[in-house]
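Under full-length UniProt numbering, think of the first position of the sequence shown as 1, with each following residue one higher.
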Amino acid sequence: MHKRSIHMTTENHETPAIIGQSATTLSRRFSVAPMMDWTDHHCRYFMRKLSKHALLYTEMVTTGALLHGDRERFLRHDETEHPLALQLGGSTAADLAACSRLAEEAGYDEVNLNVGCPSDRVQNNMIGACLMAHPELVADCVKAMRDAVGIPVTVKHRIGINGRDSYAELCDFVGKVHEAGCESFTVHARIAILEGLSPKENRDIPPLRYDVVAQLKSDFPDLEIVLNGGIKTLEQCSEHLQTFDGVMLGREAYHNPYLLAQVDQQLFDSTAPVISRYDALESMRPYIAAHIASGGNMHHVTRHMLGLGLGFPGARRFRQLLSVDIHKAENPMLLLDQAAAFLEGH
Numbered sequence: 001m002h003k004r005s006i007h008m009t010t011e012n013h014e015t016p017a018i019i020g021q022s023a024t025t026l027s028r029r030f031s032v033a034p035m036m037d038w039t040d041h042h043c044r045y046f047m048r049k050l051s052k053h054a055l056l057y058t059e060m061v062t063t064g065a066l067l068h069g070d071r072e073r074f075l076r077h078d079e080t081e082h083p084l085a086l087q088l089g090g091s092t093a094a095d096l097a098a099c100s101r102l103a104e105e106a107g108y109d110e111v112n113l114n115v116g117c118p119s120d121r122v123q124n125n126m127i128g129a130c131l132m133a134h135p136e137l138v139a140d141c142v143k144a145m146r147d148a149v150g151i152p153v154t155v156k157h158r159i160g161i162n163g164r165d166s167y168a169e170l171c172d173f174v175g176k177v178h179e180a181g182c183e184s185f186t187v188h189a190r191i192a193i194l195e196g197l198s199p200k201e202n203r204d205i206p207p208l209r210y211d212v213v214a215q216l217k218s219d220f221p222d223l224e225i226v227l228n229g230g231i232k233t234l235e236q237c238s239e240h241l242q243t244f245d246g247v248m249l250g251r252e253a254y255h256n257p258y259l260l261a262q263v264d265q266q267l268f269d270s271t272a273p274v275i276s277r278y279d280a281l282e283s284m285r286p287y288i289a290a291h292i293a294s295g296g297n298m299h300h301v302t303r304h305m306l307g308l309g310l311g312f313p314g315a316r317r318f319r320q321l322l323s324v325d326i327h328k329a330e331n332p333m334l335l336l337d338q339a340a341a342f343l344e345g346h
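See below:
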């Protein structure tokens, strides 16, 4: 399929970005989870400054939004963000196939189907974790996506949902989706409770069951199984990689982004020097300046960088400079200088 490489801007003066094909090698050994309202293209650009090898995911994009909304805004990314996967939400095979083609044409390295989100909003549209009750439908969707594109099609899901949380039902789901052509499953090691809990509560209240995911890997040894849920340190990542093919971090990677700075060295045997916190912030300066010059707000970018100051004296002031004060600053780049001073030598 022909790949295109184009510069795109949007009406809200977002920073110009490139959509195009990447030759980056994709590994799922370590990835950062798709997170709504967080893993936008600014966040991913920043995270890529910290790790060259981590697989990054977009926020979930619904098929309806991609097919009928601002397609360029949803697909836009910078070429430096690769390896990069687009996560889709939907349950209509033809629409998912069409969106997968758009993802491939836009240069994404992978397309992922969301079968894990427990939100009431998406359940009403047959999106997310509720699809675990319909393995045949998910299999049909995956087959349509696989038939449409040459890039990998993967699935992110829970170990079950309330009312369908037995291990046999999990194996039935994975088996049917695998038969449809999916070779890689990212498994959040909790069930999703579809009534009575918020998405946030669904990330904390159902107990973690790493043992269930380990049994799944044992029973499906030829499948790539990536573990997600409750992982907070690279030491835990290394331990889990003794059992699983990959690990995916979510909130911890966002709130403590400097954790990513040692991913390449600890998990990918990179010999490159570890970037300092100060250099990570400074490396974003040209990007931030370009975003402001194009009419954007610095906060669009720096809100994702607040965790760089985590654990340092002055961390509260660091966050305030980059999140509160910039809204009333005549020259926001001067505030970036002040924030950078807190990180000098680190």
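Glycine included, every Cβ here is placed at the ideal spot set by N, Cα and C.
Since the structure is predicted, the reported quantities are computational estimates derived from the model, not experimental observations.
Considering just the uninterrupted stretch of the beta strand (DSSP E) at residue i, what are its terminal residues?
| i | result |
| --- | --- |
| Leu308 | Where Leu308 is concerned, there is no enclosing beta strand (DSSP E), given that its DSSP letter is neither H nor E. |
| Glu224 | 224-228 |
| His42 | No beta strand (DSSP E) holds His42; the alpha helix (DSSP H) holding it covers 41-50. |
| Met248 | 246-249 |
| Thr58 | Careful: Thr58 lies outside any beta strand (DSSP E) and carries neither H nor E. |
| Ala85 | 84-89 |
| Ala189 | 184-192 |
| Thr154 | 153-161 |
| Glu110 | 110-115 |
So, is residue i buried or exposed, given that buried needs 16 or more other C-beta atoms within 10 angstroms?
| i | result |
| --- | --- |
| Ala168 | exposed |
| Glu110 | buried |
| Thr233 | exposed |
| Val324 | exposed |
| Arg146 | buried |
| Glu136 | exposed |
| Glu201 | exposed |
| Ser198 | exposed |
| Ile205 | exposed |
| Pro257 | buried |
| His68 | exposed |
| Pro332 | buried |
| Ala341 | exposed |
| Ala192 | buried |
| Thr58 | buried |
| Ala23 | Confidence at Ala23 is low in this model, with a pLDDT of 46, below 50, so its placement is unreliable and the value that follows should be read with caution. Result: exposed. |
| His327 | exposed |
| Glu235 | exposed |
| Pro207 | exposed |
| Arg158 | buried |
| Gly196 | exposed |
| Met248 | buried |
| Gly345 | exposed |
| Pro152 | buried |
| Asp337 | exposed |
| Ser166 | exposed |
| Gly250 | buried |
Comparing alpha-carbon positions, which option in the options lies nearest residue i?
| i | options | result |
| --- | --- | --- |
| Val187 | Gly196, Asp245, Asp147 | Asp245 |
| Tyr278 | Met35, Asp37, Lys49, His42 | Lys49 |
| Tyr254 | Arg29, Ser27, Arg28, Arg44 | Arg44 |
| Gly163 | Ile151, Phe185, Cys130 | Cys130 |
| Leu343 | Pro332, Phe312, His327, Gln320 | Phe312 |
| Thr39 | His134, Val138, Glu252, Arg203 | Glu252 |
| Gly64 | Cys237, Gly160, Val122, Ala214 | Val122 |
| Asp269 | Gly345, Arg203, Ser238, Tyr57 | Ser238 |
| His299 | Ser218, Arg316, Gln320 | Gln320 |
| Leu86 | Ala93, Pro118, Met35, Thr92 | Met35 |
| Ala261 | Arg73, Ser51, Val32 | Ser51 |
| residue 347 | Leu170, Asp70, Glu282 | The structure shown does not extend to residue 347, since the chain is modelled only from 1 to 346, so the question has no answer here. |
| Ser119 | Arg317, Ala144, Arg203, Pro221 | Arg203 |
| Met284 | Arg316, Val226, Ala339, Gly230 | Ala339 |
| Cys182 | Val138, Asp211, Leu55, Ile231 | Val138 |
| Arg209 | Gly107, Gly295, Gly160 | Gly160 |
For the putative contact between residue i and residue j, defined by C-beta atoms under 8 Å, what is the C-beta separation to the nearest angstrom?
| i | j | result |
| --- | --- | --- |
| Val263 | Phe30 | 5 Å |
| Met126 | Val115 | About 11 Å; that fails the 8 Å criterion. |
| Gly90 | Leu96 | 5 Å |
| Leu335 | Ala329 | 5 Å |
| Arg76 | His41 | 6 Å |
| Leu113 | Val149 | That belief does not hold up - the Cβ atoms of Leu113 and Val149 are roughly 12 Å apart, past 8 Å. |
| Val213 | Ala189 | 5 Å |
| residue 357 | Ser218 | Residue coverage of the chain in this structure runs from 1 to 346, which leaves residue 357 outside it and unanswerable. |
| Asn228 | Ala33 | 6 Å |
| Glu81 | Leu56 | 6 Å |
List the endpoints of the continuous alpha helix (DSSP H) containing residue i.
| i | result |
| --- | --- |
| Glu201 | 199-202 |
| Gly64 | 63-68 |
| Ile288 | 285-293 |
| Gln266 | 263-267 |
| Phe74 | 71-75 |
| Val32 | Careful: Val32 lies outside any alpha helix (DSSP H), inside the beta strand (DSSP E) at 30-32. |
| Arg319 | 315-323 |
Exercise. Given 8 Å as the limit, is there contact between the region 175-192 and the region 92-103, that is, 3 or more CB pairs closer than that?
Worked result: no
Problem set entry | Cβ pair count under 8 Å reaching 3, the region 263-276 against the region 302-310 | no
Exercise. Would you call the region 278-297 and the region 234-243 in contact, with 3 or more CB pairs under 8 Å?
Worked result: no
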